[in-house]
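**Q** This is the structure, below, for whatever I ask next.
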Amino acid sequence: MLHGIFLPLMKRVKIGNLIINEVNQMKPKYIIFSILMAFVACTKENLVINSPSSQGGDDIEIEVNLTIARADDFASTKATVKNAFADDDVVFVFFKGVVAPKYLEMKYNSSTDTWKSTAKNGLTSSDLSDAADKKMTAIYLPYGSTATVASSEGNFIFSNITYSGYFLRAELVDYTLEGGILSGTLSMSAPALTSDSDKLIHFDISGFTSGHDYKLYQDYVKPLTLTNVSAAGVISKNEGIMGAAITGYEDGSMMSFSGILDASAVGSAVDYQFSIDDLTSSTLYTRDAGTKTLSTSKYIGIGAINNTEVWNAFEYVDLGLGAKWATHNVGAETPEEYGDYYAWGETTTKYWVYSWSNYKYCNGQNNSLTKYCNNSNNGYNGFVDNKTLLEPEDDVAHVNWKGIWRIPTETELIELFNSCNREWTVQNGSGYLLTSRILGHTDRSIFLPAAGIVGETGRYISGIYGQYWSSTNANYYSFYSEGTDYLHQETRAHGMSVRPVFTSLNSVSVLFDNDHTNVPVGGTKSLKAMLNVENDGYAIEHIPIQWISSNTSVAIVDDNGLVTGVSEGVATITAICKGQSATCSVSVLFIENGHIFVDLGLSVKWATLNIGAENISDCGNYYAWGETETKSDYSWSSYKWCNGSYKTLTKYNSNGGNGTVDYKTSLDLVDDVAHVKWGGNWRMPTNEELDELRTNCTWLSLTDGYRVTSNIEGFTDRSIFLPYTGYREDRYLYEQDQDDYGYGYYWSSTLYNSYPQYSYYLYFTYSGLSTSWGNRYIGRCVRPVCP
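Residue numbers (our numbering): 1489 to 2275.
Okay, here's the thing in structure tokens:
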């Protein structure tokens, strides 16, 4: 812990009964800063406290010696945070037993290296001297923050805070009034977070223009705002939406951004990629902040942008045109390097032979195009797709550089050459220096090297010609050392240079195809979040999306939107991009061969739908017992397993008087409609299983059926719905009983032995339920089960 002593030069200021001296502190010759930031503000001030024992209201001068120091050791994080006080940094000191909103404000002045202390909201000498339990606490607001402090239920309520980042606080500690000295130490630490696993993250970023409105977006960080502090030193905060914009604050040459890092996103190391919008100039920056080791429960990190105009780690220049232009070609590392050569619509290089024989989108010759063809004479077997603009997957700038980088259109190439002064020059190689003529951008330029072209016999005319692909109609822009430049159409199979561009990412909206989907327990499903990006169709795949599950015990989701079902239940999956979000409700269910079931704790699992039904209230299809297809007439004359009457049964018969005897008492799987239609382990329930459902569940009568809820311990939150179905006989559907109430009929797979023309079924009305038996030819509904 560092402690410093500052010799005060005092000037008295009287506020009520409390007289506080402005203190001029001498700068120490040096202050040691390690990777953790330790700062000290040790003040000696004279307060004048009205003493009840003094005669005639004389004041007794009391010296104040308050030490402020950092207590936390962040060395293991290798973090650097604000390492010096700046103008108007504020420390608020609160005294236990002193009624809110009275407090002491200490504000720093860098030009004089002093702290100006002010008694706020009527703080008086008697407030301090009369306190029975002499304890104090403090809050530090960095970066010239301002705040309004009010009171509510004994707490100090903060509002109008201009900085929403990290807040240092001191635990409630003792102060003393002994020997005419008011003294104590305020050990500042990181604020109390929601849990010990949360991380306080902080970016100090260099290279930005002063006076601009910067917002940082980091998918796993949410903004943090201080709301109040109790007299016991407890901070209350508002934590914003994950991925929402975090306001930047100037700190000398740095911009500072702070928030809470989602603990679930943190491993032993995290690569912090973030993007920053300059809302003042509509400029977008992005950068990888590097790998950080997280070995403490609270974390402060640092990132840096050293070039003021960077997108996805590739530098660009804003020439004041519709597109921002990269400073170098694809495959190059400097502006003057030629980079790689690509055939139009291809995304990989070749070994010095670029011809129709090895072109990706043709069948070996120029009149056999297989993509991007608007003339049947040029298409393979008359192929035409009328595509004139490269799709993102065929755009080498987009594929290689990702983000919203792409090949410029022919319009953008023409705009570049028409809006810039062109100068043939040598910049470690020959090429065109293009300097903007747009007002406010005339100090900016890019260099296009004359890289030539690669054809069937290798590279030629390099150093003399520059030829750059557009994304439109296989057109390219050519320039020549003698000053000629023009838009031209070239053999698309030849290899030429690519200079990427992007247009500003102005706004993003996020949405899903559907707001609900099902995932099996132990299974996976990939969710696709669609991003609508204003004025740009290239940003769909590669703008970072943060994925969050509301209940990881039910479903987890990875960085690519792949959801894995963990246990039965419902979870909300949220996709966030640049502060915008969309949600999809995911039901994690037990699924057998594509069909959902519910485990009621019984001997078998029960399907949620009838055979042929599309929703839980749908009756589905009707089947005669042992048949697997529907029909229009349900009678003995049309029954599959007889010759016109119940006395001529041909299968499933234990009575010789009823036809052919085979003594089968339950359905073979080939005659089980649940197994035939759904496959897997699905089958019709036995009579015993129907009876188990009837006796081990609570049946709640509803308007259109029964809600059947398990009574088995551990499963009482699970249920299925069985709709009233009626039955079919002859050519009629009987949906209601004689009292006009609905009723349900559901087949079992079990034959009634004594009378094999009958089979068991489940029967229920609004007033009760039972298992019974009836003619096999009747059309009844089927609710499948599986082991």
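In this text, a Cβ means the ideal position worked out from N, Cα and C, and glycines have one as well.
Please state whether the Cβ-Cβ distance between VAL2161 and VAL2270 is less than 7 Å.
**A** Taking the sequence shown and counting its residues from 1, one reaches residue 2161 at position 673. Taking the sequence shown and counting its residues from 1, one reaches residue 2270 at position 782. Their beta carbons are under 7 Å apart, which means VAL2161 touches VAL2270 by this criterion.
**Q** Taking 8 Å as the cut-off, does the stretch 2003-2022 touch the stretch 1940-1948 (at least 3 CB pairs, one atom from each stretch)?
**A** In short, these stretches do not touch, since the Cβ pair count stays below three.
**Q** DSSP has PRO2193 in a bridge; who is on the other side?
**A** What you label residue 2193 is simply residue 705 of the sequence shown in a count that begins at 1. Note that residue 2193 is Gly in the sequence shown, not Pro. Beta-bridge pairing links GLY2193 to LEU2190, PRO2211.
**Q** How would you write the range of the alpha helix (DSSP H) that ALA2162 sits in, first residue to last?
**A** Position 674 of the sequence shown, counted from the start, is the residue given in the question as residue 2162. Per DSSP, ALA2162 belongs to the alpha helix (DSSP H) from 2161-2166.
**Q** Where do the ends of the beta strand (DSSP E) carrying ALA1814 lie?
**A** Locating residue 1814 in the sequence shown gives position 326, where the first residue counts as 1. Counting along the chain, the beta strand (DSSP E) containing ALA1814 begins and ends at 1812-1814.
**Q** Would you give the residue range spanned by the alpha helix (DSSP H) that SER1889 belongs to?
**A** On the sequence shown, residue 1889 is found 401 positions in, with the first residue counted as 1. A quick correction: the sequence has Trp, not Ser, at residue 1889. Residues 1884-1889.
**Q** Is it true that the CB of ALA2070 sits closer than 7 Å to the CB of VAL2158?
**A** Translated into positions along the sequence shown, residue 2158 becomes position 670. Translated into positions along the sequence shown, residue 2070 becomes position 582. Not a contact, by the Cβ cut-off of 7 Å.
**Q** So, for GLY1951: in the same chain, excluding its five sequence neighbours on each side, which residues have a beta-carbon less than 6 Å away from its beta-carbon?
**A** As a working note, residue 1951 is residue 463 in the sequence shown. Within the same chain, GLY1951 has close Cβ partners SER1918, ALA1938.
**Q** Using the C-alpha atoms, what's the distance from ILE2099 back to ASN2081?
**A** Against the sequence shown, residue 2081 aligns to sequence position 593. Against the sequence shown, residue 2099 aligns to sequence position 611. So the two alpha carbons sit approximately 14 Å from each other.
**Q** Tell me, please, which residues DSSP counts as bridged to ASN1643.
**A** Position 155 of the sequence shown holds residue 1643. ASN1643 pairs with SER1640, SER1718.
**Q** Three-state secondary structure (DSSP) at ARG1910?
**A** Within the sequence shown, residue 1910 is the residue found at index 422, counting from 1. Strand.
**Q** TYR2212: which of PRO2244, LYS1584, PHE2252 sits nearest, CA to CA?
**A** Within the sequence shown, numbered from 1, the residue matching residue 2212 stands at position 724. With distances taken between Cα atoms, TYR2212 lies closest to PHE2252.
**Q** So, helix, strand or coil for TYR1868, using DSSP?
**A** Walking along the sequence shown from the start, residue 1868 turns up at place 380. Correct three-state label for TYR1868: helix.
**Q** Am I right that ARG2264 and SER2247 are in contact with their C-beta atoms under 8 Å? What's the rounded C-beta distance?
**A** The sequence position of residue 2264 within the sequence shown is 776, counting from 1. The sequence position of residue 2247 within the sequence shown is 759, counting from 1. That pair is a contact at about 5 Å.
**Q** Cβ of THR1836 within 7 Å of Cβ of TYR1849?
**A** One-based indexing of the sequence shown puts residue 1836 at position 348. One-based indexing of the sequence shown puts residue 1849 at position 361. No, the pair does not count as a contact, with Cβ atoms beyond the cut-off.
**Q** Looking only at C-alpha atoms, which of HIS1816, TYR2240, TYR1847 sits nearest to SER2142?
**A** Translated into positions along the sequence shown, residue 2142 becomes position 654. Of HIS1816, TYR2240, TYR1847, the residue nearest in Cα terms is TYR2240.
**Q** Report the CB separation of PHE1655 from ILE1627 in whole angstroms; it is logged as a contact under 8 Å.
**A** Position 167 of the sequence shown, counted from the first residue, corresponds to residue 1655. Position 139 of the sequence shown, counted from the first residue, corresponds to residue 1627. Yes, PHE1655 and ILE1627 are in contact; Cβ-Cβ is about 6 Å, under 8 Å.
**Q** Tell me whether GLN2224 is buried or exposed, calling it buried when 16 or more other Cβ atoms sit within 10 Å of its Cβ.
**A** One-based indexing of the sequence shown puts residue 2224 at position 736. Looking at its Cβ environment, which holds fewer than 16 other Cβ atoms inside 10 Å, GLN2224 is exposed.
**Q** Taking one C-beta from the stretch 2162-2169 and one from the stretch 2182-2191 each time, how about it: are there three or more such pairs within less than 8 Å?
**A** Counting Cβ pairs under 8 Å, fewer than three are found: no touch.
**Q** Which one of ILE2084, GLU1900, SER2105 has the shortest CA to CA distance from ASN2169?
**A** What you label residue 2169 is simply residue 681 of the sequence shown in a count that begins at 1. Of ILE2084, GLU1900, SER2105, the residue nearest in Cα terms is ILE2084.
**Q** Since LYS1595 and LYS1604 should fall inside the 8 Å C-beta cutoff, what is the C-beta to C-beta distance between them, to a whole number of angstroms?
**A** Within the sequence shown, the letter at position 107 stands for residue 1595. Within the sequence shown, the letter at position 116 stands for residue 1604. Contact flag correct, Cβ pair sits at about 5 Å.
**Q** How big is the Cα-Cα spacing for GLN1977 and TYR1651?
**A** Counting from one through the sequence shown, the residue named residue 1977 turns up at place 489. Counting from one through the sequence shown, the residue named residue 1651 turns up at place 163. Each residue's Cα considered, the two are about 55 Å apart.
**Q** What is the C-beta distance between GLY1747 and ILE1669, in whole angstroms, given that I count them as a contact (C-beta under 8 Å)?
**A** Start at 1 with the first residue of the sequence shown, and residue 1747 comes out as number 259. Start at 1 with the first residue of the sequence shown, and residue 1669 comes out as number 181. In fact, because the Cβ distance is near 40 Å, the residues do not count as touching under 8 Å.
**Q** Hey, could you find the ends of the alpha helix (DSSP H) TYR2177 is sitting in?
**A** Working through the sequence shown from its first residue, we reach residue 2177 at position 689. Before going on, a small fix: residue 2177 reads as Glu here, not Tyr. Residues 2175-2183.
**Q** Three-state secondary structure (DSSP) at LYS2016?
**A** Position 528 of the sequence shown, counted from the first residue, corresponds to residue 2016. LYS2016: coil per DSSP, three-state reduction.
**Q** Which first and last residues belong to the alpha helix (DSSP H) in which LEU1616 is found?
**A** Within the sequence shown, numbered from 1, the residue matching residue 1616 stands at position 128. That run of the alpha helix (DSSP H) goes 1613-1617.
**Q** Using a threshold of 7 Å, state whether the C-beta atoms of GLY1808 and HIS1929 are closer than that.
**A** For the purposes of this step, residue 1808 is identified with residue 320 of the sequence shown, where counting begins at 1. For the purposes of this step, residue 1929 is identified with residue 441 of the sequence shown, where counting begins at 1. Yes. Within cutoff.
**Q** Kindly indicate which three-state DSSP category PHE2078 falls into: helix, strand or coil?
**A** Here residue 2078 refers to the residue found at position 590 when the sequence shown is read from its first residue. Looking at PHE2078 - three-state DSSP - the assignment turns out to be strand.
**Q** Who are the near neighbours of GLY2256 in its chain, counting only those whose CB is closer than 8 Å to its CB and skipping five residues on each side?
**A** To locate residue 2256, count along the sequence shown from 1; it is residue 768. Hits under 8 Å: none found.
**Q** What's the C-alpha gap between ALA1607 and LEU1592?
**A** As a working note, residue 1607 is residue 119 in the sequence shown. As a working note, residue 1592 is residue 104 in the sequence shown. The alpha-carbon atoms of ALA1607 and LEU1592 are separated by roughly 5 Å.
**Q** Kindly provide the ranges of any beta strand (DSSP E) runs that are 3 or more residues long and lie completely inside the stretch 1928-1981, ordered along the chain.
**A** With a minimum length of 3 residues, the continuous beta strand (DSSP E) runs that stay inside the stretch 1928-1981 are 1933-1937, 1941-1943, 1946-1948, 1953-1957, 1963-1968, 1973-1977.
**Q** My guess is that TYR1956 and ARG1987 are in contact by the Cβ rule of under 8 Å, so how many angstroms apart are they, rounded?
**A** Sequence index remark: in the sequence shown, residue 1956 carries index 468 (1-based). Sequence index remark: in the sequence shown, residue 1987 carries index 499 (1-based). Confirmed, about 5 Å.
**Q** Just to confirm the assignment, what range does the beta strand (DSSP E) spanning ASN1726 have?
**A** Counting from one through the sequence shown, the residue named residue 1726 turns up at place 238. Unbroken beta strand (DSSP E) run through ASN1726: 1723-1727.
**Q** What did DSSP end up calling VAL1536 once you bin it into helix, strand or coil?
**A** Mapped onto the sequence shown, residue 1536 falls at position 48. Confidence in VAL1536 is poor, its pLDDT being 44 and thus under 50, which makes the residue's placement unreliable; the coordinate value appears in the next sentence. DSSP places VAL1536 in strand when its eight states are reduced to three.
**Q** Verify the CB distance criterion: does THR1913 have a CB-CB separation below 7 Å to chain B?
**A** The displayed structure is made up of one protein chain only, and chain B is not part of it.
**Q** Please report the residue range of the beta strand (DSSP E) in which HIS1700 lies.
**A** Here residue 1700 refers to the residue found at position 212 of the sequence shown. Unbroken run through HIS1700: none, as it is neither H nor E.
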